[in-house]
Amino acid sequence: MVSKRSRCSPAEAFVDKAELGKLLLESTGEAICASDMLGNYTFCNSAPLRLLRYKDPVDLIGKSMHDTMHHTRPNGTPYPGWITSGWRLPDIWTLRD
Numbered sequence: 596m597v598s599k600r601s602r603c604s605p606a607e608a609f610v611d612k613a614e615l616g617k618l619l620l621e622s623t624g625e626a627i628c629a630s631d632m633l634g635n636y637t638f639c640n641s642a643p644l645r646l647l648r649y650k651d652p653v654d655l656i657g658k659s660m661h662d663t664m665h666h667t668r669p670n671g672t673p674y675p676g677w678i679t680s681g682w683r684l685p686d687i688w689t690l691r692d
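Convert by adding 595 to the 1-based position in the sequence shown; the result is the number in the working numbering.
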């Protein structure tokens, strides 16, 4: 038996695909982040929030990736900013815990 599939408008299909993308990003255990040219967060899924001990993405968006992830070495001395400046970051990268 063949079922009839309802058709949707292109706008509805776009919304469905956007929602699917959000669900996929949130369901992965990997920390997925995006940054602007200055190295500031523009997007992150929930995994980096857990890793960096933030509760809400709004608290992380706009902050420097360098300052939140690489601010000090294990001995307490600061990492120089040029090591992780925005121009050296790849377009897409992931961080695992």
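All C-beta atoms in this analysis are idealised placements derived from N, C-alpha and C, irrespective of residue type, glycine included.
* To do: Compare the Cα-Cα distances from Trp-655 to each of Gly-671, Cys-603, Ala-629 and Arg-668 and report the closest residue.
  => For this step, residue 655 is matched to residue 60 along the sequence shown. For the record, residue 655 in the displayed sequence is Leu; it is not Trp. If we check each option's Cα against that of Leu-655, Ala-629 comes out closest.
* Integer-rounded CB distance, given that Thr-663 should sit under 8 Å from Leu-644 -> On the sequence shown, residue 644 is found 49 positions in, with the first residue counted as 1. On the sequence shown, residue 663 is found 68 positions in, with the first residue counted as 1. Wrong, their Cβ atoms sit about 11 Å apart, outside the cutoff.
* Buried or exposed: where does Met-632 fall if 16 or more other Cβ atoms within 10 Å of its Cβ makes it buried? -> Here the question's residue 632 lines up with position 37 in the sequence shown. Met-632 comes out exposed.
* Asked: When you compare each of Pro-673, Asn-640, Cys-603 and His-661 to Glu-625 by their alpha carbons, which one comes out closest?
  -> Translated into the one-based positions of the sequence shown, residue 625 becomes position 30. If we check each option's Cα against that of Glu-625, Asn-640 comes out closest.
* Which of helix, strand or coil DSSP assigns to Pro-669 -> As a first step, residue 669 must be located in the sequence shown, where it is residue number 74. The answer is coil: DSSP assigns Pro-669 none of H, G, I, E or B.
* If you check the beta carbons only, do Ile-627 and Leu-618 fall under 8 Å apart? -> Here residue 627 corresponds to residue number 32 of the sequence shown, with the count starting at 1. Here residue 618 corresponds to residue number 23 of the sequence shown, with the count starting at 1. The answer is no: Cβ separation not under 8 Å.
* Ignore the nearest five residues each way along the sequence and tell me which others in Pro-652's own chain have a CB closer than 7 Å to its CB. => Counting from 1 along the sequence shown, the entry for residue 652 is found at position 57. Closer than 7 Å at the Cβ level, and outside the excluded window around Pro-652, lie Cys-639 and Leu-644.
* To do: Give me whichever residues DSSP pairs with Ser-659 in a beta bridge.
  => Start at 1 with the first residue of the sequence shown, and residue 659 comes out as number 64. According to DSSP, which records beta bridges pairwise, Ser-659 is partnered with Asn-635.
* Helix, strand or coil: which one does DSSP assign to Pro-652? -> In the sequence shown, residue 652 corresponds to position 57, counting from 1. Here Pro-652 sits in helix by DSSP.
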